[in-house]
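These protein sequence lines map, in sequence, to chains A and B. All residue numbers for the first sequence refer to full-length UniProt numbering, where the first residue is 1 and numbers rise by one. All residue numbers for the second sequence refer to full-length UniProt numbering, where the first residue is 1 and numbers rise by one. Virtual Cβ for every residue (Gly too), placed ideally from N, Cα, C. Notes to accompany the following structure.
There are 2 protein chains.
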Amino acid sequence: MSTYHPLTEREAIEISLTLKELFPEGAELTSREIGDGNLNLVFHISDPASGRSIIMKQALPYAKVVGESWPLTLDRARIESEALILEGELAPGLVPQVYHYDAELALTVMEDLSNHVIMRQGLMQNNRYPLFAEHISTFLAQTLFFTSDLGMNQQEKKLRARNFTNPELCKITEDLIFDDPYRDADTNSFDEAIRDEAAALWNDGALHLEVALLREKFLTHAQALLHGDLHTGSIFITPQSTKIIDPEFAYYGPMGFDIGAVIANLLLNYTSRDHWNSDAASAHDYRTYLLDSIRELWTKFELKFRTLWTEHGSDRIAKSAPGYIDLYLQRLLQDTIGFAGCKIVRRVVGLAHVADIDKISDSSQREHTQRLALSIGKSLIKLNRRAKSIDELISTVQTASAVKV
Amino acid sequence: MSTYHPLTEREAIEISLTLKELFPEGAELTSREIGDGNLNLVFHISDPASGRSIIMKQALPYAKVVGESWPLTLDRARIESEALILEGELAPGLVPQVYHYDAELALTVMEDLSNHVIMRQGLMQNNRYPLFAEHISTFLAQTLFFTSDLGMNQQEKKLRARNFTNPELCKITEDLIFDDPYRDADTNSFDEAIRDEAAALWNDGALHLEVALLREKFLTHAQALLHGDLHTGSIFITPQSTKIIDPEFAYYGPMGFDIGAVIANLLLNYTSRDHWNSDAASAHDYRTYLLDSIRELWTKFELKFRTLWTEHGSDRIAKSAPGYIDLYLQRLLQDTIGFAGCKIVRRVVGLAHVADIDKISDSSQREHTQRLALSIGKSLIKLNRRAKSIDELISTVQTASAVKV
Numbered sequence: 001m002s003t004y005h006p007l008t009e010r011e012a013i014e015i016s017l018t019l020k021e022l023f024p025e026g027a028e029l030t031s032r033e034i035g036d037g038n039l040n041l042v043f044h045i046s047d048p049a050s051g052r053s054i055i056m057k058q059a060l061p062y063a064k065v066v067g068e069s070w071p072l073t074l075d076r077a078r079i080e081s082e083a084l085i086l087e088g089e090l091a092p093g094l095v096p097q098v099y100h101y102d103a104e105l106a107l108t109v110m111e112d113l114s115n116h117v118i119m120r121q122g123l124m125q126n127n128r129y130p131l132f133a134e135h136i137s138t139f140l141a142q143t144l145f146f147t148s149d150l151g152m153n154q155q156e157k158k159l160r161a162r163n164f165t166n167p168e169l170c171k172i173t174e175d176l177i178f179d180d181p182y183r184d185a186d187t188n189s190f191d192e193a194i195r196d197e198a199a200a201l202w203n204d205g206a207l208h209l210e211v212a213l214l215r216e217k218f219l220t221h222a223q224a225l226l227h228g229d230l231h232t233g234s235i236f237i238t239p240q241s242t243k244i245i246d247p248e249f250a251y252y253g254p255m256g257f258d259i260g261a262v263i264a265n266l267l268l269n270y271t272s273r274d275h276w277n278s279d280a281a282s283a284h285d286y287r288t289y290l291l292d293s294i295r296e297l298w299t300k301f302e303l304k305f306r307t308l309w310t311e312h313g314s315d316r317i318a319k320s321a322p323g324y325i326d327l328y329l330q331r332l333l334q335d336t337i338g339f340a341g342c343k344i345v346r347r348v349v350g351l352a353h354v355a356d357i358d359k360i361s362d363s364s365q366r367e368h369t370q371r372l373a374l375s376i377g378k379s380l381i382k383l384n385r386r387a388k389s390i391d392e393l394i395s396t397v398q399t400a401s402a403v404k405v
Numbered sequence: 001m002s003t004y005h006p007l008t009e010r011e012a013i014e015i016s017l018t019l020k021e022l023f024p025e026g027a028e029l030t031s032r033e034i035g036d037g038n039l040n041l042v043f044h045i046s047d048p049a050s051g052r053s054i055i056m057k058q059a060l061p062y063a064k065v066v067g068e069s070w071p072l073t074l075d076r077a078r079i080e081s082e083a084l085i086l087e088g089e090l091a092p093g094l095v096p097q098v099y100h101y102d103a104e105l106a107l108t109v110m111e112d113l114s115n116h117v118i119m120r121q122g123l124m125q126n127n128r129y130p131l132f133a134e135h136i137s138t139f140l141a142q143t144l145f146f147t148s149d150l151g152m153n154q155q156e157k158k159l160r161a162r163n164f165t166n167p168e169l170c171k172i173t174e175d176l177i178f179d180d181p182y183r184d185a186d187t188n189s190f191d192e193a194i195r196d197e198a199a200a201l202w203n204d205g206a207l208h209l210e211v212a213l214l215r216e217k218f219l220t221h222a223q224a225l226l227h228g229d230l231h232t233g234s235i236f237i238t239p240q241s242t243k244i245i246d247p248e249f250a251y252y253g254p255m256g257f258d259i260g261a262v263i264a265n266l267l268l269n270y271t272s273r274d275h276w277n278s279d280a281a282s283a284h285d286y287r288t289y290l291l292d293s294i295r296e297l298w299t300k301f302e303l304k305f306r307t308l309w310t311e312h313g314s315d316r317i318a319k320s321a322p323g324y325i326d327l328y329l330q331r332l333l334q335d336t337i338g339f340a341g342c343k344i345v346r347r348v349v350g351l352a353h354v355a356d357i358d359k360i361s362d363s364s365q366r367e368h369t370q371r372l373a374l375s376i377g378k379s380l381i382k383l384n385r386r387a388k389s390i391d392e393l394i395s396t397v398q399t400a401s402a403v404k405v
């Protein structure tokens with residue numbers, strides 16, 4: 001059983017029964033493969049008698065996207081498993097518990113979160129999550145600070161960065177986020193109605209300069225261990241609970257990339273509210289809720305990060321140099337805004353889109369939404385190096401939204 | 001013979017005889033241990049009959065500095081050997097040729113450069129090296145560009161960075177350059193006559209902010225494979241030839257750290273000219289020669305780097321984004337100036353000094369020189385983020401020199 005091969009549901013059950021204390025002796029388990037089959041197998045394994053259940057996730061040795069298939073390292077299962085365990089230590093309760101990892105099978109057995117919903121779906125269903133900003137700001141502050149040179153032993157950090165070397169998954173990001181949307185690439189995918197917008201992206205030199213600078217940060221700034229793919233599809237949520245999943249893109253990179261990913265995906269949903277809400281007033285309310293969440297997210301993140309810096313800073317001169325913490329957080333906000341912009345743009349013209357927008361059935365409304373998203377994305381990218389406060393992000397979004405596009 | 005132990009001269013000879021084609025069959029070799037014994041054994045092994053000779057360098061499992069001894073990884077021999085081989089491919093003729101590497105014995109066998117002198121000694125002997133700027137700018141441009149995301153496959157770069165993870169040697173730099181000189185640390189070492197200068201360093205908040213920012217770059221910016229210790233004691237030279245040695249500190253860091261190291265050590269020599277030259281006029285001439293060399297070094301480096309960018313750039317958007325190359329080089333110059341400043345300061349108040357200054361026998365002249373060096377170092381650190389051209393570095397040095405200190 002230990003040589004790699006994609007598991008059958010029967011094998012998934014057999015493995016589950018060998019794992020101690022997950023299920024009662026002699027339990028009669030059922031298995032259901034619930035993955036989308038593009039990157040991983042995901043088995044939901046449950047014992048109807050005891051009501052216990054687990055998730056078993058197995059990496060596939062290839063990625064399938066829109067019919068294309070290319071080989072992809074199984075080592076990402078190790079990275080995901082190790083990142084989940086580390087995140088669980090740093091941000092208890094905010095990631096699924098890992099019960100077991102099998103390197104040969106590229107297999108992680110973890111907590112079943114079926115009582116949660118994928119946040120992207122929850123937002124599309126008009127749910128609100130009053131604790132989300134509190135939870136995600138804790139997750140971000142704890143994982144970013146304590147894996148950085150600011151909050152851990154700096155020699156151990158270098159060994160950890162070595163352990164999370166993740167070239168294949170990074171390349172996906174480098175291509176799909178920081179290159180392809182800004183040229184007429186085969187991988188791009190966009191509605192013909194906005195071809196003018198796509199062409200404008202390909203010819204905007206000032207934008208390319210900012211993207212090149214942000215790309216450089218993604219390539220070279222080993223600031224902290226990132227989740228690396230922190231969109232609302234990687235978040236399981238209820239009004240009371242937030243669980244971050246799927247850190248297979250984890251690597252040492254710029255902190256703002258993770259924070260920007262969350263904000264970008266809230267903003268992508270923001271652009272789509274006229275579709276999901278039943279009337280203009282409730283759409284307006286929901287947009288306000290989203291912008292308030294973004295402001296709260298950053299504000300709480302900054303507060304928590306500053307507290308950690310003061311109370312747990314491991315770098316003597318970083319801790320004591322006057323003004324350094326303020327400059328650090330200002331640059332982090334700038335990175336966050338820039339990366340958020342890049343993450344928005346790629347979801348409209350790049351390979352991978354978001355359901356928030358793609359599920360809008362009315363083509364005119366969808367086009368309007370896509371143009372608004374691109375306008376916000378480009379504005380944030382161009383704002384990034386000048387930004388001094390989160391209010392500038394909010395007002396940039398509001399200004400873009402006020403213009404009839 | 002393959003289990004690690006420090007070699008005797010006899011063993012060094014025996015190993016030499018097993019290496020093919022280095023010496024004629026049955027050669028009668030002589031060996032001389034010429035290392036300082038602090039970090040490595042260095043055997044000079046020669047065959048008087050044929051006139052052939054080699055250097056055999058073996059890492060010791062500890063470092064000895066001013067009586068203290070602490071354990072140090074033998075893996076640095078692998079890093080040094082692999083860095084030398086890579087540098088030799090990228091900058092042919094500018095590093096010693098590596099004939100053999102033995103991992104178990106932490107041993108590198110390489111070209112004998114006894115016909116060269118250590119550049120620091122050469123400068124102290126008033127020699128001039130008219131080809132140095134040309135050579136070192138080639139070395140820097142070639143090694144930094146082609147190991148960065150700008151000039152190589154970006155996935156291979158990540159694997160290479162992993163291979164050059166070098167926490168123990170980096171820690172020496174992080175402590176001795178980016179921390180200790182800015183606090184009353186036990187490791188500091190300075191003449192009592194300049195205690196006021198040392199205390200001023202410990203209390204200069206604006207300086208600490210700049211050092212914290214430069215330290216952050218050293219810790220997190222994995223831009224290119226650095227030599228990591230590129231002072232004039234790591235350069236063998238003649239008027240015709242330049243050979244860079246001892247890259248045991250090699251790791252992926254900010255490019256400006258290597259360029260700044262060279263400039264700092266030329267400037268340290270610059271401050272000491274009144275001692276080494278026989279009269280004021282020749283000291284003035286020599287200072288001019290050194291400043292001209294620094295300007296030429298940067299100017300040629302920039303030209304070569306720009307040519308590589310245009311002709312061999314591997315990053316599409318970096319290559320095409322308007323203005324990116326200019327911004328890149330401006331930031332690189334700023335880093336260079338900041339790191340040069342840090343490297344000067346640490347050589348006056350930190351643990352490891354330079355002979356250029358320490359060998360000045362007249363205590364008043366030595367004190368004057370040390371104060372000048374600190375003035376230049378601090379000024380460069382404070383200039384770094386504002387600098388736009390190499391002329392600003394030159395004029396900062398001249399201004400500091402003009403003030404009677």
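(request) Could you tell me whether the Cβ of residue 324 of chain B comes closer than 7 Å to any Cβ of chain A? (result) So, interface residue.
(request) Could you check if residue 45 of chain B is buried or exposed, using at least 16 other CB atoms within 10 Å of its CB as the buried criterion? (result) Burial call: buried.
(message) When you compare the CB of residue 175 of chain B with every CB in chain A, is at least one pair closer than 7 Å?
(response) Not one chain A Cβ lies under 7 Å of residue 175 of chain B.
(request) Counting only runs of 4+ residues fully inside the region 139-188 of chain A, write out the alpha helix (DSSP H) ranges in chain order. (result) Those alpha helix (DSSP H) runs which fall completely within the region 139-188 of chain A and span 4+ residues are 154-163, 167-176.
(request) Name, going along the chain, the residues of the region 158-172 of chain B whose beta-carbon falls closer than 8 Å to a beta-carbon of chain A. (result) When CB distances to chain A are screened at a threshold of 8 Å, the residues of the region 158-172 of chain B falling below it are 158, 159, 161, 162, 165, 166, 167, 168, 170, 171, in chain order.
(request) Within 10 angstroms of the Cβ of residue 376 of chain B, are there 16 or more other Cβ atoms? Answer buried if so, exposed if not. (result) Buried is the call here.
(message) Can you check whether the C-beta of residue 263 of chain B is within less than 7 Å of a C-beta belonging to chain D?
(response) No chain D is present in this structure, whose protein chains are A and B.
(message) Only counting the same chain, and skipping five residues up and downstream in sequence, which positions put a Cβ closer than 8 Å to that of residue 3 of chain B?
(response) Excluding residues within five positions, the ones whose Cβ falls inside 8 Å are 104.
(request) Classify residue 128 of chain A as helix, strand or coil using the three-state DSSP reduction. (result) Coil.
(request) Quick one: residues in its chain with C-beta nearer than 8 Å to the C-beta of residue 192 of chain B, no 5 flanking neighbours on either side, listed in chain order? (result) Here the set comprises nothing.
(message) I'd like to know whether the C-beta atoms of residue 59 of chain A and residue 301 of chain A end up nearer to each other than 7 Å.
(response) In this structure, the beta-carbon distance from residue 59 of chain A to residue 301 of chain A does not fall below 7 Å.
(request) Return the first residue and the last residue of the beta strand (DSSP E) that residue 201 of chain A is part of. (result) Per DSSP, residue 201 of chain A belongs to no beta strand (DSSP E); it is in the alpha helix (DSSP H), 195-202.
(request) Might you give, ordered along the chain, the residues of its own chain that have their beta carbon closer than 7 Å to the beta carbon of residue 99 of chain B, omitting 5 neighbours on each side? (result) Apart from sequence neighbours up to five positions away, the residues of its chain that approach residue 99 of chain B with a beta-carbon distance below 7 Å are 19, 22, 54, 109, 110, ordered along the chain.
(request) Look up residue 284 of chain A in the DSSP assignment and say whether it is helix, strand or coil. (result) Three-state DSSP puts residue 284 of chain A in a helix.
(request) Evaluate residue 370 of chain B with the Cβ neighbour count: other Cβ atoms within 10 Å of its Cβ, from every protein chain shown; 16 or more gives buried, anything less gives exposed. (result) It counts as buried.
(request) For the region 205-232 of chain A, enumerate the residues whose C-beta is nearer than 8 Å to any C-beta of chain B, in chain order. (result) Taking 8 Å as the Cβ-Cβ cut-off against chain B, the residues of the region 205-232 of chain A that qualify are 205, 206, 208, 209, 211, 212, 213, 215, 216, 219, 220, 221, 222, 223.
(message) What would DSSP say about residue 405 of chain A, mapped onto helix, strand or coil?
(response) Only weak support is given to the placement of residue 405 of chain A: the predicted model assigns it a pLDDT of 47, under 50, and the value that follows is read from those uncertain coordinates. Looking at residue 405 of chain A - three-state DSSP - the assignment turns out to be coil, as it is neither helix nor strand.
(request) Check the Cβ-Cβ distances between residue 155 of chain A and every residue of chain B, and say whether any is below 7 Å. (result) The Cβ of residue 155 of chain A sits closer than 7 Å to at least one Cβ of chain B.
(message) Let me see if you follow: with CB-CB separation under 7 Å, is residue 387 of chain A close to chain B or not?
(response) With a threshold of 7 Å between beta carbons, residue 387 of chain A makes no contact with chain B.
(message) My parser needs the alpha helix (DSSP H) runs of 4 or more residues fully inside the region 262-332 of chain B; what are they?
(response) Every alpha helix (DSSP H) of 4 residues or more that sits fully in the region 262-332 of chain B is shown, in chain order, as 273-276, 280-312, 316-320.
(request) Could you tell me which residues DSSP pairs with residue 32 of chain B in its beta bridges? (result) B:44, per the DSSP bridge assignment.
(request) Go to residue 218 of chain B, then tell me how far its beta strand (DSSP E) extends in each direction, as first and last residue. (result) Counting along the chain, residue 218 of chain B falls outside any beta strand (DSSP E), though it belongs to the alpha helix (DSSP H) covering 205-220.
(request) Could you confirm whether any beta carbon from chain B is found closer than 7 Å to the beta carbon of residue 112 of chain A? (result) The C-beta of residue 112 of chain A comes no closer than 7 Å to any C-beta of chain B.
(request) Please state if the CB of residue 338 of chain A and the CB of residue 384 of chain A are separated by a distance shorter than 7 Å. (result) In this structure, residue 338 of chain A lies closer than 7 Å to residue 384 of chain A by Cβ.
(request) Label residue 38 of chain B either buried or exposed according to how many other C-beta atoms from any shown protein chain fall within 10 Å of its C-beta, with 16 as the threshold for buried. (result) Exposed, since its Cβ has fewer than 16 Cβ neighbours within 10 Å.
(message) My output table needs one value for residue 1 of chain B: the three-state DSSP class, helix, strand or coil.
(response) Legend: pLDDT at residue 1 of chain B = 49, less than 50; position of this residue unreliable, value from coordinates given subsequently. Reduced to three states, the DSSP call for residue 1 of chain B is coil.
(request) Give the C-beta separation of residue 380 of chain B and residue 396 of chain B to the nearest angstrom, bearing in mind that I take them to be a contact with Cβ-Cβ under 8 Å. (result) Rounded, the Cβ-Cβ distance is 6 Å, consistent with contact.
(request) Check the DSSP bridge columns for residue 69 of chain A and list the partner residues they point to. (result) Here residue 69 of chain A is bridged, per DSSP, to A:64.
(request) Could you have a look at residue 108 of chain B and say whether DSSP puts it in helix, strand or coil? (result) Residue 108 of chain B: strand per DSSP, three-state reduction.
(message) What would DSSP say about residue 341 of chain B, mapped onto helix, strand or coil?
(response) Secondary structure of residue 341 of chain B (DSSP, three-state): helix.
(message) Among B:336, B:62, B:368, whose alpha-carbon lies nearest the alpha-carbon of residue 348 of chain B?
(response) The shortest C-alpha to C-alpha distance from residue 348 of chain B to any of B:336, B:62, B:368 is the one to B:368.
(message) Please confirm whether residue 408 of chain B has its beta-carbon closer than 7 Å to some beta-carbon of chain A.
(response) Limits of chain B in this structure are 1 at one end and 405 at the other, which puts residue 408 of chain B out of reach.
(request) For residue 179 of chain A, decide whether its Cβ has a neighbour in chain B, counting only Cβ atoms nearer than 7 Å. (result) At least one chain B Cβ lies under 7 Å of residue 179 of chain A.
(message) Run through chain B and tell me which residues come within less than 9 Å of residue 413 of chain A, C-beta to C-beta.
(response) Summary: the structure shown does not reach residue 413 of chain A, with chain A confined to residues 1 through 405, and so no result is reported for it.
(message) Does any residue of chain A have a CB that is nearer than 7 Å to the CB of residue 317 of chain B?
(response) Yes, because at least one Cβ of chain A sits closer than 7 Å to the Cβ of residue 317 of chain B.
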